[in-house]
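*Asks:* Would you mind keeping the following structure in view while I ask a few things?
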Amino acid sequence: MNAPAVGADSRPAIDRGLRLQWEPAQGAYVLLYPEGMIKLNSSAGEILKRCDGAATIAAITEDLERAFATVGLQAEVLQFIGMAVGKRWLEILP
Amino acid sequence: MSGAAPRPGPPLWLLLELTYRCPLHCVFCYNPTNFAQIETEIDTADWIRVLREARALGAVQLGLSGGEPLVRDDLQAIVAEAHTLGFYTNLITSGVGLSEARIGALKTAGLDHIQLSFQDSTRTMNDFLSSTRTFDLKSKVAALIKKYDYPMVLNVVLHRLNIDHVEEILAMAQQLGAEYVELANTQYYGWAWHNRAGLMPSRAQVERAEAATRRFREAAGERMKVYFVVPDYFENRPKACMNGLGRIFLTIAPDGTALPCQAARMLPGMEFPNVRALSIEDIWYDSPAFNRYRGDAWMKEPCRSCPERARDFGGCRCQAFMLTGDAANADPVCDLSPHHQLVADAVARAESPAAEEQPLLFRTPENSSRMRR
C-alpha cells in the first residue's frame, strides 16, 4: 500500500492510532500511542495541532504564517507533513 | 560525573497492578512468588487518588495490569477517571473475563488500547503453559478487540517450550488480524526465576526463532509489526532496565506499595512507601526507596567508571541481586561483570539434555502459599 501523494490541497489528520495532546509537565505537545510517546519540538507541535482532517495544507501554512508573522513556510510544512505521513503520525483524508 | 542524582523528571509511565488475582497460572509470570501473602487490595477511591496525583505530576501513559485486571469490578470506573484526566490507557490482559458487554463498557469509559497475551499458537501448549483452558476464549476475545476497533497487539512470552513455534505463532497472529506482535523472551523474575532451568531456551533455539521472525517480516512486510525482544541472558551487555530505576517508571502494587519496577519488591533493605500513607509526589521525589538507585553514586566497579553507565545504568538491580546477592553489583549479563560466569553457566545448562526434565511450578495460590518469598 503506497502512501497518498501529499500536496497543498491534502487534508492531513492525526493517524487513528495516535493521540496528540499538550503536556504541561513537559512543556510540549506529545503524540501518544499504545505504550509509547513521542515528545514533539515546538514547530512539530504547532503544525500537528492544526492537522484536524478539515484544513488543507495550504490553509495550515497560511494559519502558521499568520500566527508567527512570517511568510514562505510552505516548503517546510509540506516536507514535515510528508515525513509525518511516512511515519504514520498523520493520515491524508480523501 | 559521579555524584548525587539530579532531581528526576516526572513519572511519565504509571503502571497499576490492580490485583494479583489471576485465572491463569503461567509458569513464566513475573509476579512475586509469595503473592498469596499479599491479599490486601486498595480500593477504588485509593486508585482514583493515585491517578489524580500522578497525572498532576505529569504521568501520561497508564498501564492497567495485574494479575488479571479484569477481575476488578471497578476497572471501568478506573479507566473512566484515567481517560478524563488525559491518560493514554492501556489494558494488559489475558482476555479472560473480557465479554462483549465488558469491552463495550471499557470502550465507552475511554479505554485506548488493549494488549492481549497468548501463551502459544496451539491450544494444547497455550492451555498447558497457563494451566487453564483458554485458547478458544482468547481467539474469541481477539475478534471482539477487532470488532470494537482497537488496534490488536498480541504479546507472546517465549521460552524453551514454545520458542520453536514462532512461525506458527506469527501465522496465528496474522490470521487473527493483529497489527503488532511482541515476541517477548521470558525475563527471569518471580515465577519465571523459580522455573528458570525449565524455561531457558538453548542458543540454537533463540537463533532459529530470530531467523523465523526475519523470514516472516520479509514475507509479510509492514502489515504486521513484529517485535522480537532478545533474551538478555544471551547478550553481553545488560538491558537499560526501566530506563534507570526511578527515572520514568512508577508501579503501584495491588496493596498500594509503590515500586520503581514490578519486580523491585524483592530487593533487600528497601522500605517501599505505600500510597495510603504518602502522596505520589512525596513517594516519587523524596522517598529513600525511589532515590536509592538514581544517578550513579551507588554503583560499584566495573560500572562506576564505565563509559556505558549512562546508557544501561548498570542493567537490572533485581537481576544483580538474584544472581550475585548484591543489588548494587553490575548486572551479570554484562561480560565486564566479574559474575558474568553465572549467566554463562545458566545458558550452558540449557544446552544439556537435563534441561528437558526440569519440573515447572505453576503460579497458583496454593503453590504461592508454600513459598517463603
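From first to last, the protein sequence lines are chains E and Y.
Using the numbering used here, the letters of the first sequence map in sequence onto residues 499 to 592.
Using the numbering used here, the letters of the second sequence map in sequence onto residues 2 to 374.
Beta carbons: idealized from backbone N, C-alpha and C, even for Gly.
Note that the structure is predicted; figures quoted are calculated from it, not measured.
Around the Cβ of Y/Lys-141, are there at least 16 other Cβ atoms within 10 angstroms (buried) or fewer (exposed)?
*Replies:* Looking up residue 141 of chain Y in the second sequence gives position 140. So Y/Lys-141 ends up on the exposed side.
*Asks:* With H, G and I counted as helix, E and B as strand and the rest as coil, what does DSSP make of Y/Gly-191?
*Replies:* Stepping through the second sequence from its first residue, residue 191 of chain Y is reached at position 190. Y/Gly-191: helix per DSSP, three-state reduction.
*Asks:* Taking only three categories from DSSP, how would you classify Y/Ile-146?
*Replies:* As a first step, residue 146 of chain Y must be located in the second sequence, where it is residue number 145. Y/Ile-146 falls in the helix class under three-state DSSP.
*Asks:* Determine the DSSP secondary structure at Y/Phe-88, reduced to helix, strand or coil.
*Replies:* Here residue 88 of chain Y refers to the residue found at position 87 when the second sequence is read from its first residue. It is coil, neither helix nor strand.
*Asks:* If we define contact as Cβ-Cβ less than 8 Å, is E/Met-581 a contact residue for chain Y?
*Replies:* Looking up residue 581 of chain E in the first sequence gives position 83. No - not a single Cβ of chain Y is within 8 Å of the one on E/Met-581.
*Asks:* I'd like to check one pair, E/Ile-590 with E/Arg-514: are the Cβ atoms closer than 8 Å?
*Replies:* Residue numbering aside, residue 514 of chain E sits at position 16 when the first sequence is read from its first letter. Residue numbering aside, residue 590 of chain E sits at position 92 when the first sequence is read from its first letter. For E/Arg-514 and E/Ile-590, no; Cβs fall outside 8 Å.
*Asks:* So what's Y/Val-167 in DSSP terms, helix, strand or just coil?
*Replies:* The residue given as residue 167 of chain Y occupies position 166 in the second sequence. Helix.
*Asks:* Are Y/Leu-25 and Y/Thr-133 touching if we call contact CB-CB under 8 Å?
*Replies:* Here residue 25 of chain Y is taken as the residue at index 24 of the second sequence, counted from 1. Here residue 133 of chain Y is taken as the residue at index 132 of the second sequence, counted from 1. Closer than 8 Å, so yes.
*Asks:* Does Y/Trp-48 come out as helix, strand or coil in the three-state DSSP assignment?
*Replies:* Walking along the second sequence from the start, residue 48 of chain Y turns up at place 47. Note: Y/Trp-48 maps to helix in three-state DSSP.
*Asks:* Let me see if you follow: with CB-CB separation under 8 Å, is Y/Asn-91 close to chain E or not?
*Replies:* Here residue 91 of chain Y refers to the residue found at position 90 of the second sequence. Chain E places a beta carbon closer than 8 Å to that of Y/Asn-91, counting this residue as a contact.
*Asks:* Do Y/Thr-85 and Y/Leu-112 have their CB atoms nearer than 8 Å?
*Replies:* The residue labelled residue 85 of chain Y in the question sits at position 84 within the second sequence. The residue labelled residue 112 of chain Y in the question sits at position 111 within the second sequence. Not in contact: Y/Thr-85 and Y/Leu-112 (Cβ atoms no closer than 8 Å).
*Asks:* Would you say Y/His-84 lies against chain E (beta-carbon separation less than 8 Å)?
*Replies:* Sequence index remark: in the second sequence, residue 84 of chain Y carries index 83 (1-based). Judged by the 8 Å Cβ criterion, Y/His-84 is not in contact with chain E.
*Asks:* Span of the alpha helix (DSSP H) holding Y/Glu-211?
*Replies:* Taking the second sequence and counting its residues from 1, one reaches residue 211 of chain Y at position 210. Looking at the DSSP string, the run of the alpha helix (DSSP H) that includes Y/Glu-211 is 204 to 221.
*Asks:* Let's see if you can read the secondary structure: which residues bound the beta strand (DSSP E) around Y/Arg-310?
*Replies:* Here residue 310 of chain Y corresponds to residue number 309 of the second sequence, with the count starting at 1. In the DSSP assignment, Y/Arg-310 falls outside any beta strand (DSSP E) and lies within the alpha helix (DSSP H) extending over 310 to 313.
*Asks:* Any idea what DSSP makes of Y/His-341, helix, strand or coil?
*Replies:* Position 340 of the second sequence, counted from the first residue, corresponds to residue 341 of chain Y. In the structure shown, Y/His-341 sits in a helix (DSSP, three-state: H, G or I).
*Asks:* Helix, strand or coil for Y/Gln-359, going by three-state DSSP, please let me know.
*Replies:* On the second sequence, position 358 is the one that residue 359 of chain Y refers to. Y/Gln-359 falls in the coil class under three-state DSSP.
*Asks:* E/Arg-517 versus chain Y: which residues are under 8 Å apart at the beta carbon?
*Replies:* Start at 1 with the first residue of the first sequence, and residue 517 of chain E comes out as number 19. Near E/Arg-517 (Cβ distances below 8 Å), the residues of chain Y are Tyr-89, Asp-113.
*Asks:* Pull up the DSSP beta-bridge partners for E/Pro-510, would you.
*Replies:* Residue 510 of chain E sits at position 12 when you count from the first residue of the first sequence. For E/Pro-510, which the question treats as bridged, DSSP gives the partners E/Ile-590.
*Asks:* Hey, out of Y/Ala-60, Y/Thr-325, Y/Asp-327, Y/Ala-172, whose CA is closest to Y/Ala-220's CA?
*Replies:* Position 219 of the second sequence, counted from the first residue, corresponds to residue 220 of chain Y. Of the candidates Y/Ala-60, Y/Thr-325, Y/Asp-327, Y/Ala-172, Y/Ala-172 places its Cα closest to the Cα of Y/Ala-220.
*Asks:* By a C-beta neighbour count over all protein chains shown, 10 Å radius and 16 as the cutoff for buried, is E/Pro-592 buried or exposed?
*Replies:* Looking up residue 592 of chain E in the first sequence gives position 94. It is exposed - the Cβ of E/Pro-592 has fewer than 16 other Cβ atoms within 10 Å.
*Asks:* What is the DSSP secondary structure of Y/Gln-38, counted as helix, strand or coil?
*Replies:* The count along the second sequence starts at 1 and reaches residue 38 of chain Y at position 37. If DSSP states are grouped into helix, strand and coil, Y/Gln-38 belongs with the helices.
*Asks:* If we count the other Cβ atoms within 10 Å of its Cβ and call it buried at 16 or more, is Y/Asp-74 buried or exposed?
*Replies:* Locating residue 74 of chain Y in the second sequence gives position 73, counting from the first residue. Burial call: exposed.
*Asks:* Spell out whether any CB of chain E is found under 8 Å from the CB atom of Y/Gln-62.
*Replies:* For the purposes of this step, residue 62 of chain Y is taken as the residue at position 61 of the second sequence. Closer than 8 Å to some Cβ of chain E, the Cβ of Y/Gln-62 qualifies, so yes.
*Asks:* DSSP state of Y/Leu-65, grouped into three classes?
*Replies:* Within the second sequence, residue 65 of chain Y is the residue found at index 64, counting from 1. Y/Leu-65: strand per DSSP, three-state reduction.
*Asks:* How would you label Y/Arg-295, buried or exposed, when you count the other beta carbons within 10 angstroms and need 16 or more for buried?
*Replies:* By 1-based counting over the second sequence, the position of residue 295 of chain Y is 294. By the 10 Å Cβ count, Y/Arg-295 comes out buried.
*Asks:* Specify, as a first and last residue, the run of the alpha helix (DSSP H) that Y/Met-126 falls within.
*Replies:* Start at 1 with the first residue of the second sequence, and residue 126 of chain Y comes out as number 125. Per DSSP, Y/Met-126 belongs to the alpha helix (DSSP H) from 124 to 130.
*Asks:* Which residue comes first and which comes last in the beta strand (DSSP E) that contains Y/Lys-226?
*Replies:* Taking the first residue of the second sequence as position 1, residue 226 of chain Y is located at position 225. From DSSP, the beta strand (DSSP E) with Y/Lys-226 extends over 226 to 230.
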